[in-house]
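Chains as they are written, first to last, in the working numbering: chain A, 25 to 371; chain B, 25 to 371.
Okay, so here's the structure we're looking at.
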DNA sequence: TTTAGCACTCTTTTTGTTCAAGTGCTAAAC
DNA sequence: GTTTAGCACTTGAACAAAAAGAGTGCTAAA
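Set out below in C-alpha cells:
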C-alpha cells in the first residue's frame with residue numbers, strides 16, 4: 025500500500041480533477057493540466073498499476089479513470105491539504121451562528137449555515153445521554169400545570185399539562201417529590217421507559233392527574249428525536265443527478281429517518297468521521313460520502329451533525345469548514361447568549 | 025358554456041382516463057373503454073368541438089386529447105362524483121388522528137396521515153389571528169423566568185427566559201402588568217412588532233431583564249411561522265416527473281416557503297379551495313393543482329392544510345378524503361384528549 | 001346526424017454511421 | 001531499466017435516416 029511520489033501525484037491529480045469536473049480523467053489531461061514531467065504513455069502505465077492496486081477505476085475501456093473508494097480514502101488520509109476558508113464564508117458563519125436562542129435554535133442555525141456554505145444536505149440528529157437533574161411542577165391555574173425538567177447539562181425543558189380535575193397543592197408537592205426520587209439521573213433518552221415504570225409502581229393513587237403529567241412529558245421528549253434536515257435540494261445540482269431514478273432514490277432515502285440513523289456510528293474522540301462510498305454499511309448510501317462531527321457541550325455528547333454528498337464531494341473544503349463550524353458550534357452552545365444583555369439590538 | 029349530455033360524458037371520460045393513465049386519450053380508447061354508443065368518428069368530431077371551446081388540449085396533432093385547466097375545472101364543478109373512502113383509509117385515519125397531544129402534535133399527525141393516504145405532499149401553514157388574552161410570568165429559580173402566553177382560543181404557549189441578573193418579585197409583577205396592559209388583544213402574528221413597541225415605550229427602566237423576556241417570547245413565536253412539509257417525495261412517483269429539471273424545480277419550489285405561502289389565499293367559508301393549474305397566481309405552480317382547507321377551532325381560523333399534486337391528480341379521492349379529514353381534524357382539536365384520562369393505555 | 005375510410009402529421013423507436021476519446025501494447029529511444 | 005512515440009483497438013456519444021405507430025381531420029356515403 026505504499027505509493028511512490030509519482031503515483032501519489034497522479035492519484036491526487038485524478039481525485040482533484042474529478043472532484044472539479046465530474047468527468048473521468050485521461051492521461052493527456054493529467055500531463056497538460058498538472059505539469060507532470062512525463063509523457064502520457066508513462067502516466068498511462070502508472071494509472072494502470074494504480075487501477076490494479078484498486079485506487080482507480082475505469083467506467084469503460086475508452087474512458088479516463090475515476091477514483092475508487094479506496095482512492096478517495098487514500099487521498100483523504102494522506103494526500104489532501106486542508107484549505108483556508110474564504111473570508112466570505114468565515115463572515116457568513118460568524119454572523120449567523122450568533123449563539124442566540126436555546127439549544128434547538130442553535131442546532132437549526134448551524135444546520136442552515138452548513139448546508140448553505142457547503143451546498144449540501146445537512147442532517148442533525150440529537151442523542152440525549154444528558155440526565156435529569158431536577159423536576160419542578162408549577163401550578164399555573166386551576167387546571168394547568170407547568171412541568172419543568174432541568175438536566176445536568178443545563179438544558180431546561182418544559183411542558184404544560186392540562187388536567188382533567190383540579191388538584192390540591194399538597195398533592196402536587198407529593199407527586200413532584202416522587203417524580204424526583206424516581207427520575208433523577210435518568211438519561212433523557214430513556215425517560216420514556218422510566219416514566220412507564222414510575223406510573224405503574226408508585227403513582228397509581230394519583231392516576232388521572234399523573235397520567236396527564238406523564239403524557240405531557242412523553243410528548244415533550246418525543247420532540248427531541250426529531251431529525252433536522254436542511255438543504256436537501258442542494259445536492260440535486262451535482263452532475264451525478266441527471267438520472268431520474270437516482271434523484272428519487274435519494275429523496276426517499278433522505279426522508280427515511282431510519283436510513284440516516286443507521287448510517288451514523290459514533291465517531292472517534294474529537295475527530296470528524298468520514299465514511300466514503302462503499303464504506304457505508306447502508307447499501308443505499310454506497311454512492312455517497314457522509315461526513316459527521318459530534319456535537320458536545322462541556323464534554324457531554326449532544327448529537328451529531330452530518331453532511332451528505334456524492335463521493336465526488338470537495339473533501340478539502342468540506343472538512344476544513346466542518347472543523348471551523350465545530351468550534352463555533354461549541355462556543356455558541358456554551359456561551360448561551362440568552363444570558364447576555366440584549367439592549368444593543370433595538371430592532 | 026352549456027355542454028350537452030354527450031359532451032359531458034366525453035369530457036368526464038377523458039378526464040378520468042387521463043387521471044388514471046397519464047396518457048393522452050384518443051377517440052378509439054374512449055369508445056371501447058367507456059361504452060359510448062357512437063363511432064370513433066363521432067367522438068372525434070365532438071372532441072374537436074370541446075377543444076375549440078377550450079375544455080381539451082392536444083399535445084400534438086397525432087396524439088389524443090388531455091384536459092385543459094378549464095376542462096378540469098368543469099369536471100370538478102359539474103361532473104365529478106364524490107367517492108366513498110375505502111375502509112382501509114377510514115380505519116387508518118381514525119386510528120392515527122387520535123387527538124392526543126397539543127395543537128402542534130395534531131397538526132403533525134394530520135399532515136402525515138394526509139400525505140400517506142393521498143400519496144401527495146402536504147403542507148400545513150399556521151396563521152395566527154388568535155389574540156393574546158393573558159400573560160403570566162412565573163419565577164422558577166433565581167435566574168429563570170417562565171413566561172406563559174394564553175390566547176383567546178385557549179392555546180397556551182410558554183417559554184423560558186434565562187436572566188442576566190437576579191430580579192425582585194415586585195419587579196416581575198410590575199413587568200407582568202405592563203405586558204398585559206400593552207399586549208392583551210394583540211394577534212399572535214403581530215406580537216413581534218408589538219413587543220418592539222412596548223420595549224421602547226414603557227420598559228426602558230427594566231431594559232436588560234425585559235430584553236431577556238422579550239427575546240424569549242420572540243423566539244417562541246418564530247416557531248409558529250414554521251411550515252410543515254410532509255411526504256414531498258411522494259409526488260415524484262407520478263409519471264410527469266421523468267424530466268429531471270421538473271423534479272429539481274419542484275423540490276426547490278416546495279422548499280421555498282414564500283412560494284407556497286403566496287399560493288394560498290383565504291378560502292371561502294367552510295369550503296375546500298381548489299386551484300387548478302394556471303388558475304394559480306404563482307407561475308411556478310401553473311402545472312400543479314393545490315387543494316386547501318381551512319383549519320378552524322371554535323370558529324377561529326388557525327391555519328391551512330394544502331395538498332399539492334400534478335393537475336392530473338385524483339380529484340374525487342382527494343376531495344372526499346380532505347372533507348373527511350376536515351371533520352376529524354376539527355374533532356381532534358376541540359376534544360383535546362389531553363384532558364381525558366390516560367389510564368387505559370398502560371404501554 | 002352519423003360513420004367508414006383514408007390521407008396526413010407528428011412522435012417514438014430502431015438502426016446504422018461516424019466521431020472522438022482514451023486506452024494497451026509494441027518497439028524504439030534514452 | 002525506464003521512458004516514450006506510434007498505432008490498432010474499443011467504446012460511448014452524437015447524429016441521421018428510416019420505419020412503425022397512433023390518432024387525427026376531412027370527405028363522401030349511409
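For every residue, glycine included, the Cβ atom is placed at its ideal position computed from N, Cα and C.
Can you name, in chain order, every residue of its own chain whose Cβ lies under 8 angstroms from the Cβ of residue 273 of chain A, other than the five neighbours on each side? 308
If the cut is a Cβ gap below 9 angstroms, which residues of chain A does residue 252 of chain B touch? Ordered by position in chain A, no residue passes the 9 angstroms Cβ test against residue 252 of chain B, which lies about 12 angstroms from the chain.
So which residues on chain B does residue 266 of chain A lean against when the C-beta distance must stay under 9 angstroms? Near residue 266 of chain A (Cβ distances below 9 angstroms), the residues of chain B are 268.
Tell me, please, whether the CB atom of residue 279 of chain B is closer than 9 angstroms to any CB atom in chain A? In terms of beta-carbon proximity, residue 279 of chain B lines the interface with chain A, with at least one pair separated by less than 9 angstroms.
Taking residue 107 of chain B as part of the alpha helix (DSSP H), name the residues at either end of that continuous run. Note, residue 107 of chain B: premise wrong, no alpha helix (DSSP H); not H, not E.
Label residue 205 of chain B either buried or exposed according to how many other C-beta atoms from any shown protein chain fall within 10 Å of its C-beta, with 16 as the threshold for buried. exposed
Taking C-beta to C-beta, are residue 140 of chain A and residue 344 of chain A nearer than 9 angstroms? no
Does the distance from the CB of residue 99 of chain A to the CB of residue 36 of chain A come in under 9 angstroms? yes
Which of the three DSSP states, helix, strand or coil, is assigned to residue 327 of chain B? strand
Starting from residue 272 of chain A, find everything on chain B with Cβ-Cβ shorter than 9 angstroms and list it in chain order. Residues of chain B passing the Cβ test: 257, 260, 261, 265 and 271.
Identify the contact partners of residue 348 of chain A in chain B, using a Cβ-Cβ distance below 8 angstroms as the criterion. By Cβ distance, chain B contributes nothing, its closest Cβ being about 25 angstroms from residue 348 of chain A, past 8 angstroms.
Whole beta strand (DSSP E) elements within the segment 143 to 200 of chain B, 3-residue minimum: 146 to 150, 156 to 165, 168 to 175 and 180 to 186
Just the chain B side, please: which residues come within less than 7 angstroms of residue 52 of chain A by C-beta, in chain order? Those within 7 angstroms of residue 52 of chain A in chain B number zero; the least Cβ separation is about 31 angstroms.
Can you list, in chain order, the residues of its chain with a C-beta nearer than 6 angstroms to that of residue 180 of chain B? Leave out the 5 residues immediately preceding and following it. 174
Distance between residue 296 of chain B and residue 305 of chain B (C-alpha atoms, nearest Å): 17 angstroms
Where residue 312 of chain A meets chain B, residues with beta-carbon distance less than 8 angstroms: The contacting residues do not exist; residue 312 of chain A stays about 17 angstroms from chain B at best.
List the residues of chain B whose Cβ lies closer than 8 angstroms to the Cβ of residue 129 of chain A, in chain order. 243
Can you tell me where the alpha helix (DSSP H) holding residue 96 of chain A begins and where it ends? Per DSSP, residue 96 of chain A belongs to the alpha helix (DSSP H) from 93 to 98.
Quick check: what's the CA-CA separation for residue 33 of chain A versus residue 47 of chain A? 18 angstroms
Helix, strand or coil for residue 263 of chain A, going by three-state DSSP, please let me know. helix
Under 7 angstroms by beta carbon: chain B residues contacting residue 160 of chain A: 164
So, for residue 114 of chain B: in the same chain, excluding its five sequence neighbours on each side, which residues have a beta-carbon less than 8 angstroms away from its beta-carbon? 348
Give a yes or no on whether 9 angstroms exceeds the smallest Cβ distance from residue 59 of chain B to chain A. Not closer than 9 angstroms to any Cβ of chain A, the Cβ of residue 59 of chain B fails to qualify, so no.
Cross-chain neighbours of residue 276 of chain B in chain A, by beta carbon under 9 angstroms: 257 and 260
Any beta-carbon of chain B closer than 9 angstroms to the one on residue 221 of chain A? No, no contact with chain B.
Taking only beta-carbon positions, decide if residue 142 of chain A is within less than 9 angstroms of chain B. no
Please confirm whether residue 296 of chain A has its beta-carbon closer than 9 angstroms to some beta-carbon of chain B. Interface with chain B (9 angstroms Cβ-Cβ cutoff): residue 296 of chain A is excluded.
State yes or no: is the beta carbon of residue 168 of chain B nearer than 9 angstroms to at least one beta carbon in chain A? yes
What separation, rounded to the nearest whole angstrom, lies between the Cα atoms of residue 149 of chain A and residue 72 of chain A? 42 angstroms
Grouping DSSP H, G and I as helix and E and B as strand, with all else coil, what is residue 349 of chain A? helix
Would residue 182 of chain B pass as an interface residue toward chain A - the criterion being a Cβ-Cβ separation below 9 angstroms? yes
Residue 67 of chain B and residue 268 of chain A look like a contact to me (Cβ under 8 angstroms); what is the Cβ gap, rounded to whole Å? Contact flag wrong, Cβ pair sits at about 35 angstroms.
For residue 351 of chain A, which residues from the same chain have a beta carbon less than 6 angstroms from its beta carbon, with the 5 sequence-adjacent residues on both sides left out? none
Looking at C-alpha atoms only, which residue of B:357, B:316, B:158 and B:302 is the closest neighbour of residue 209 of chain B? B:158
Mind checking residue 221 of chain A: buried by the 16 CB within 10 Å criterion, or exposed? exposed
Considering only residues of the same chain and omitting the five flanking positions on each side of residue 341 of chain A, which have a CB-CB separation below 6 angstroms? Contacts found: 107.
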